[in-house]
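Below you'll find the structure, written out as structure tokens, and then a few comments.
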Amino acid sequence: MTGKGLRRGLPVAGPSTVGAMASTIYERVGGEAFFAALVDRFYEGVEQDPLLRPLYPQDLEDSRRHLSLFLAQYWGGPRTYDDERGHPRLRMRHMPFRIGLAERDAWLRHMLAALDEAAIDPAAVAEMTAYFTQTATQLINTV
Ligand code: HEM
Numbered sequence: 000m001t002g003k004g005l006r007r008g009l010p011v012a013g014p015s016t017v018g019a020m021a022s023t024i025y026e027r028v029g030g031e032a033f034f035a036a037l038v039d040r041f042y043e044g045v046e047q048d049p050l051l052r053p054l055y056p057q058d059l060e061d062s063r064r065h066l067s068l069f070l071a072q073y074w075g076g077p078r079t080y081d082d083e084r085g086h087p088r089l090r091m092r093h094m095p096f097r098i099g100l101a102e103r104d105a106w107l108r109h110m111l112a113a114l115d116e117a118a119i120d121p122a123a124v125a126e127m128t129a130y131f132t133q134t135a136t137q138l139i140n141t142v
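Take a look at the structure:
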């Protein structure tokens, strides 16, 4: 499946264009460097978070790389994530971790704070905020 495939209810590929602009969000926000910096800020928050930190591996290097490549791909960048990791299957990959409302809220808080520091256009911020909120909610796997 290509494009906006829906598997297990999760969007796996982002919109290739936004509004009337014939460019991807990936290009508009500054490409790979933007996603690397966003993910670095996000993990700075996770590192200090007593609820989330224990869920992640000791060494966050791979986690940084995977999330950054995934987001770059989702928003229209190169498909390196798929090449390295295969189909995202986010819901399946998150099943080993207990994700309830508190974990979702903590994850979102760090990601939206990281996004808030980005110097990108408000329309891109709004799209990403909606995407992160929806996807994090869909990853809840416990009552
Ligand atoms: C809802 C709260 C969430 C929690 C508690 C959570 C937690 C985790 C943990 C513990 C891992 C494994 C360690 C790692 O490889 O980094 C992981 C991996 C990952 N997460 Fe999340 N996550 C959440 C939401 C999300 C969301 C909303 C996205 C995407 C928008 C996402 C994307 C990823 C990706 C791409 C990986 C790496 C998968 C791989 O290639 O192995 N996560 N997450």
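Mapping of the sequence shown onto numbering that gives the first Met the number 0: position 37 corresponds to residue 36, and the numbering continues sequentially without gaps. Glycine is no exception: its CB is placed at the ideal position from the N, C-alpha and C atoms.
Classify residue i as helix, strand or coil using the three-state DSSP reduction.
i: residue 102; result: helix
i: residue 50; result: coil
i: residue 65; result: helix
i: residue 155; result: Residue 155 lies beyond the range of the chain shown here (0 to 142); nothing can be said about it.
i: residue 121; result: helix
i: residue 92; result: helix
i: residue 43; result: helix
Nearest to residue i by alpha carbon, out of the options?
i: residue 83; options: 61, 53, 104; result: 61
i: residue 142; options: 97, 57, 78, 74; result: 97
i: residue 131; options: 22, 23, 41; result: 41
So residue i packs on residue j, CB below 8 Å; how close in whole Å?
i: residue 109; j: residue 48; result: 7 Å
Worksheet item: Is it a yes or a no for the stretch 88 to 106 touching the stretch 21 to 32, going by three-plus beta-carbon pairs under 8 Å?
Response: No, the stretch 88 to 106 does not touch the stretch 21 to 32.
Discussion item. Does the stretch 100 to 109 come into contact with the stretch 126 to 140, if we say contact requires no fewer than three beta-carbon pairs (one atom in each stretch) closer than 8 Å?
Written reply: Two segments are said to touch when three or more pairs of C-beta atoms, one from each, lie closer than 8 Å; by this definition the stretch 100 to 109 touches the stretch 126 to 140.
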